[in-house]
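K.L.:
Below are the structure tokens for one structure; questions will follow.
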Amino acid sequence: MIDIKNRLIEIRWHGRGGQGAVTSTELVAQAAINEGKFAQAFPAFGPERRGAPVLAFIRVDNEKPIRIRAEITKPDIVVVLDPTLLRIVNVTSGLSENGILIINTKRSLQDIESSLKIKQQLAIIDATKIAQELLGVPIANTTMIGALIKTTGVVKLESLFEPLKQRFGRLADRNINAMEKAYEETLIRE
Amino acid sequence: MAKRVGTEVSLAVADTVKLVNADVISAYPITPQTHIVEHLAELVANGELDANFIPVESEHSAMSACLGSSAVGARTFTATAGQGLELMHEVLYVASSMRLPIIMTVANRALSAPLSVWGDHSDVMAVRDTGWIQIFVENGQEAVDNLLCAFRIGEDPRVLLPVMVHLDGFYLTHVIEPIFMPEQSEVENFVPPNQYPLPLDPNNPVSMGCFAPPVIYAETKWAQEVNLRASKDVILECWNEFGDQFQRHYSPVESYHSEDARVLLLTMGSFSETASLAIDNMRNAGKNVGLLKLRLWRPFPFDEIRQAARNADVLIVLDRAMSPGGPGGPVCSEIKAALYQEEKRPKVVSFIGGLGGRDITIEGFEEIINKGIEISEKGSNQEYEIFGVRE
Chain R
113 MIDIKNRLIE
123 IRWHGRGGQG
133 AVTSTELVAQ
143 AAINEGKFAQ
153 AFPAFGPERR
163 GAPVLAFIRV
173 DNEKPIRIRA
183 EITKPDIVVV
193 LDPTLLRIVN
203 VTSGLSENGI
213 LIINTKRSLQ
223 DIESSLKIKQ
233 QLAIIDATKI
243 AQELLGVPIA
253 NTTMIGALIK
263 TTGVVKLESL
273 FEPLKQRFGR
283 LADRNINAME
293 KAYEETLIRE
Chain F
69 MAKRVGTEVS
79 LAVADTVKLV
89 NADVISAYPI
99 TPQTHIVEHL
109 AELVANGELD
119 ANFIPVESEH
129 SAMSACLGSS
139 AVGARTFTAT
149 AGQGLELMHE
159 VLYVASSMRL
169 PIIMTVANRA
179 LSAPLSVWGD
189 HSDVMAVRDT
199 GWIQIFVENG
209 QEAVDNLLCA
219 FRIGEDPRVL
229 LPVMVHLDGF
239 YLTHVIEPIF
249 MPEQSEVENF
259 VPPNQYPLPL
269 DPNNPVSMGC
279 FAPPVIYAET
289 KWAQEVNLRA
299 SKDVILECWN
309 EFGDQFQRHY
319 SPVESYHSED
329 ARVLLLTMGS
339 FSETASLAID
349 NMRNAGKNVG
359 LLKLRLWRPF
369 PFDEIRQAAR
379 NADVLIVLDR
389 AMSPGGPGGP
399 VCSEIKAALY
409 QEEKRPKVVS
419 FIGGLGGRDI
429 TIEGFEEIIN
439 KGIEISEKGS
449 NQEYEIFGVR
459 E
């Protein structure tokens, strides 16, 4: 697992407009801040179009206030919310050598490994399936937070409960279930 | 006790307007200010803030409505950005000339064309001479703190001037970060009620914003100028008392490792934070560099700039706006003017960068400082350097 104790951790989310990548980054940052850490979440804004590739970012530092105000180009962790992005976006661009790539996909770990051929740690989860089952919609943003936490421990799972409740009200429980299921089912290649 | 919350900076700004219990908000939504006024409209609609929210058809009307509400003595807030600030332009002069303490958060944005919703300081610089007090902030906490101060400063009977708080669009407005939100009682203790001395009142009629023939116009403008310059004492007093109460300290020109530095970089707004990391790197590598951060833009802090720059050999100023066909960045021009008569002064190098939302990274700031040092030694036949542009 990546060393998250004593330094700034930078996370980049790849999604498509409307899939909730920005919401995910906001929720994780709020969870980190509620744990007493320093965190920053922000989107890469363009002309927002539903379905177009989008980026969103999180920085977390356990000890120090975060001063950098620029997009993340050398992430420690990359989360891919939409498997179709693998064909059109270089999701590993700038990913650090000790970094982690987390992908929402139906494909097997071996299959992904053989097509991406990356040295970095790899984790997969079929988050869309979980979201469809538990939320009734193929929107996997909150589900993917479970995979992020399982793989990196950047925040505690229970730290998401309050931000999810604030954001989703009566729908929060279902999102928490989806996140927890993803936490259980994420497969990691060390 | 203040509560530490993870919140979008725009929402924190709106919540601050609620904490000061504003009476009237009139605004037109424009990116990247939108979340501020949307959240205010929500707070008013659900009864959390007892204020009149006046929706209008343009920023010109927003500022015009603010004139009226401020003139009856109502605590008045608005927010805008970029083109919106430009559409307000003529009314901005009226607010300051009529001595109406309207408080406005500006989510700094580039100006068209080409259309850009992203951040820079083109909008700020275009309203430089409108007679408003103008304060830059570099993070969400400062946006909240200085908005509280803005209400107290602007409405102070010794001041009675409108105040803009400049907040970088997207770089700050759309970021979730930790902010200490003060308690209602702390805010009430710090920001006294607005007691406008001569409000419009049907039972006690006054005229405001009258016609001024040549015999009186210059005297009126001079009175306004004397007052704007004098507001600095009240601004300093406010920041001191804010520091006493909240333990966060503000001043017109702030420094970061600048005391012994031979080379200084000056920035405004959120870029100061990234720049401070470049200063850390360069100092760790043994370079004697420091950072100055311009917080108070109007009234311009002449004495503080002279004092801060006195012992440096080189001062590099990074502007985030152009002055087309002119002498370089607008802030740099003013700093050069402020230092010109000084016997001991640094060489000043003008850089323009970060236009239309272009990031400047830590490495980028190091490059600016190194290039600035080189220009100070070898000279340049250009008025300014534009950073990172492809030709």
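Protein chains in written order, with the numbering used here: chain R, 113 to 302; chain F, 69 to 459. Even glycine gets a Cβ: it sits at the ideal position worked out from N, Cα and C.
1) Just mark R/ARG181 as buried or exposed, buried being the case when its beta carbon has 16 or more other beta carbons within 10 Å.
2) Relative to chain F, which residues along the stretch 134–146 of chain R have a C-beta separation below 7 angstroms, given in chain order?
3) Can a CB atom of chain F be found closer than 8 angstroms to the CB of R/ILE123?
4) In whole angstroms, give me the CA-to-CA distance for F/LEU364 and F/PRO273.
5) Would you mind sorting F/PRO265 into buried or exposed? The rule is 16 or more other CB atoms within 10 Å of its CB.
6) Go ahead and pull the three-state DSSP assignment for R/PHE157.
7) Looking at the structure shown, is F/THR99 part of a helix, part of a strand, or coil, going by DSSP?
8) Is there a C-beta anywhere in chain F that falls below 8 angstroms from the one on R/PHE157?
9) Quick test of your reading: F/LEU383 and F/THR335, contact by CB under 8 angstroms. State the CB separation rounded to the nearest angstrom.
10) Taking a Cβ distance cut-off of 7 angstroms, strictly less, list which residues of the stretch 240–268 of chain F are near chain R, in chain order.
11) Figure out for me which residue from F/ASN438, F/ARG378, F/GLU245 has the closest Cα to the Cα of F/LYS404.
12) Curious, which full-length beta strand (DSSP E) runs of at least 3 residues does the stretch 123–182 of chain R contain?
13) Name, in chain order, the residues that DSSP records as bridge partners for R/GLN233.
14) Which of helix, strand or coil does DSSP assign to F/PHE248?
15) Considering only their Cβ atoms, is the gap separating F/MET156 from F/GLU127 smaller than 8 angstroms?
16) Compute the beta-carbon to beta-carbon distance between F/VAL85 and F/ILE98, rounded to the nearest angstrom, for a pair I have assumed lies under 8 angstroms.
17) So the candidates are F/PHE370, F/ASN89, F/LEU296, F/VAL73; which of them puts its Cα closest to the Cα of F/SER319?
18) May I ask you to list the residues that DSSP assigns as paired with F/MET172?
19) So which residues on chain R does F/ILE430 lean against when the C-beta distance must stay under 7 angstroms?
20) Mind checking if R/GLN152 is an interface residue toward chain F, Cβ cutoff 8 angstroms exclusive?
21) If contact means a Cβ-Cβ distance below 9 angstroms, which residues of the stretch 269–280 of chain R contact chain F?
22) In this structure, does DSSP put R/GLY258 in helix, strand or coil?
23) I'd like to know whether the C-beta of R/GLU183 is nearer than 8 angstroms to at least one C-beta of chain F.
24) Is there at least one Cβ from chain R nearer than 8 angstroms to F/SER418's Cβ?
25) Between which two residues does the alpha helix (DSSP H) holding F/TYR239 run?
26) Would you say F/PHE204 lies against chain R (beta-carbon separation less than 8 angstroms)?
27) Does F/GLU451 come within less than 8 angstroms of chain R when only Cβ atoms are used?
28) Taking 8 angstroms as the CB-CB limit, is F/PHE455 close to chain R?
29) List the endpoints of the continuous beta strand (DSSP E) containing F/ARG374.
30) If you draw a straight line from the C-alpha of F/PHE248 to the C-alpha of R/ASN289, how long is it?
31) Pop quiz: R/ALA239 and R/MET256 are said to be a contact at Cβ under 8 angstroms. What is the actual Cβ separation, rounded to whole angstroms?
32) Taking 8 angstroms as the threshold (C-beta atoms), are F/GLN209 and F/HIS234 in contact?
33) Using the DSSP secondary-structure output, state which residues sit across from F/PRO123 in a beta bridge.
34) Which residues mark the beginning and the end of the alpha helix (DSSP H) in which R/SER226 is found?
35) Report yes if the C-beta distance between F/SER164 and F/PRO230 is below 8 angstroms; otherwise report no.
36) Rounded to the nearest angstrom, what separates F/LYS71 and F/PRO250 at their Cα positions?
P.N.:
A quick look at the data gives this:
1) buried
2) GLU138, ALA141, GLN142, ILE145, ASN146
3) no
4) 36 angstroms
5) exposed
6) coil
7) coil
8) yes
9) With a Cβ gap of about 12 angstroms, F/LEU383 and F/THR335 do not count as contacting.
10) HIS242, VAL243, ILE244, GLU245, PRO246
11) F/ARG378
12) 150–156, 165–173
13) R/ILE212
14) strand
15) yes
16) Their Cβ separation, rounded to whole angstroms, is 17 angstroms, which puts F/VAL85 and F/ILE98 out of contact at 8 angstroms.
17) F/PHE370
18) F/THR146, F/MET232
19) ILE180
20) yes
21) PRO275
22) helix
23) yes
24) no
25) Taken as a continuous stretch (DSSP letters only), F/TYR239 belongs to no alpha helix (DSSP H), as it is neither H nor E.
26) no
27) no
28) no
29) Taken as a continuous stretch (DSSP letters only), F/ARG374 belongs to no beta strand (DSSP E), being part of the alpha helix (DSSP H) at 370–377.
30) 31 angstroms
31) 5 angstroms
32) no
33) F/ALA95
34) 221–228
35) yes
36) 7 angstroms
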